[in-house]
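Residue numbers (the numbering used here): 2 to 234. Backbone N, C-alpha and C define an ideal beta-carbon position, used for all residues, glycine too. All figures in this text were calculated on a predicted structure; none of them were measured in a lab. What follows is a short report on a single structure.
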């Protein structure tokens, strides 16, 4: 159960950037994020699909069907052109690229039923989020570029990503603590001397104390950010 909870805590950074980029209208985040999602080997997980807009799920699935849907091996699939991906999602095209263009779907191909799209918007056909070879990548620390933080929207989105990342880390830490209590490492300590048990409990308290301290720092930072303008002279 603990391992399952830790697995479900993972999120794709690209999906986070798509969600927040749409929310705060930061188009410069979206092109590369859509390209990464459409190009990766893994289909959208159920958790990712439940957080994204239906229109985005349909377009991502249609592009992936063109790229992988005819029995093409991922390593042999033609590379996607970011300009074409942006056009499919209604985004402004970036600078020119040397990659070959993404083939445009014909009316006949558009009429083909995509099992990963139709009947799967409720998450029933989305791949489960798991670890290991050929599965979704674990969460990574998002990289926020300086040029993306020039606007208030960029600053808010960056703060939201950091808060999301903190929440994931806290959830994983709590899962790890529960796992530790049922592990042989803790059992060996609990069966040891009174000093051993005391030191183990102190170590656990230090971890929990750091979690509470970080939660307080995050709250203070959010409060200052939300109230700094209203308190300005």
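- Residue range 14-25 is occupied by the alpha helix (DSSP H) that includes residue 15.
- Fewer than three Cβ pairs drawn from the stretch 179-198 and the stretch 163-171 lie within less than 8 Å of each other, which leaves the two stretches out of contact.
- Counting only the Cα atoms, residue 40 lies some 47 Å from residue 202.
- For residue 40, the secondary structure class from DSSP, reduced to helix, strand or coil, is helix.
- Counted as a single uninterrupted DSSP element, the alpha helix (DSSP H) harbouring residue 50 occupies residues 47-52.
- If the five residues before and after residue 89 are omitted, its C-beta is found closer than 7 Å to the C-beta atoms of 60 and 64, all from its own chain and listed in chain order.
- Per DSSP, reduced to three states, the secondary structure at residue 185 is helical.
- Judged by DSSP secondary structure, residue 192 falls outside any alpha helix (DSSP H); it is assigned neither H nor E.
- Judged by DSSP secondary structure, residue 90 falls outside any alpha helix (DSSP H); it is assigned neither H nor E.
- DSSP places residue 173 within a helical segment (H, G or I) once states are collapsed to three.
- Around the beta-carbon of residue 184, fewer than 16 other beta-carbon atoms lie within 10 Å, marking it exposed.
- Rounded to whole angstroms, residue 175 and residue 205 show a C-alpha spacing of 11 Å.
- Residue environment for residue 18: buried (at least 16 other C-beta atoms within 10 angstroms of its C-beta).
- The criterion of a C-beta distance shorter than 7 Å is not satisfied by residue 84 and residue 93.
- Looking at 216, 162 and 223, the one whose alpha-carbon comes closest to that of residue 30 is 162.
- In the assembly as shown, residue 86 is a buried residue. Its beta-carbon has 16 or more other beta-carbons within 10 Å.
- The straight-line gap separating the alpha-carbon atoms of residue 159 and residue 195 is approximately 46 Å.
- Pairing residue 14 with residue 49 gives a Cβ-Cβ distance that is not under 7 Å.
- Spanning the alpha carbons of residue 54 and residue 209 requires a straight line of approximately 36 Å.
- By the CB criterion at 7 Å, residue 191 and residue 198 fall inside the cutoff.
- Buried is the label assigned to residue 58, since at least 16 other Cβ atoms lie within 10 Å of its Cβ.
- Per the coordinates, the alpha-carbon of residue 228 lies some 11 Å from the alpha-carbon of residue 221.
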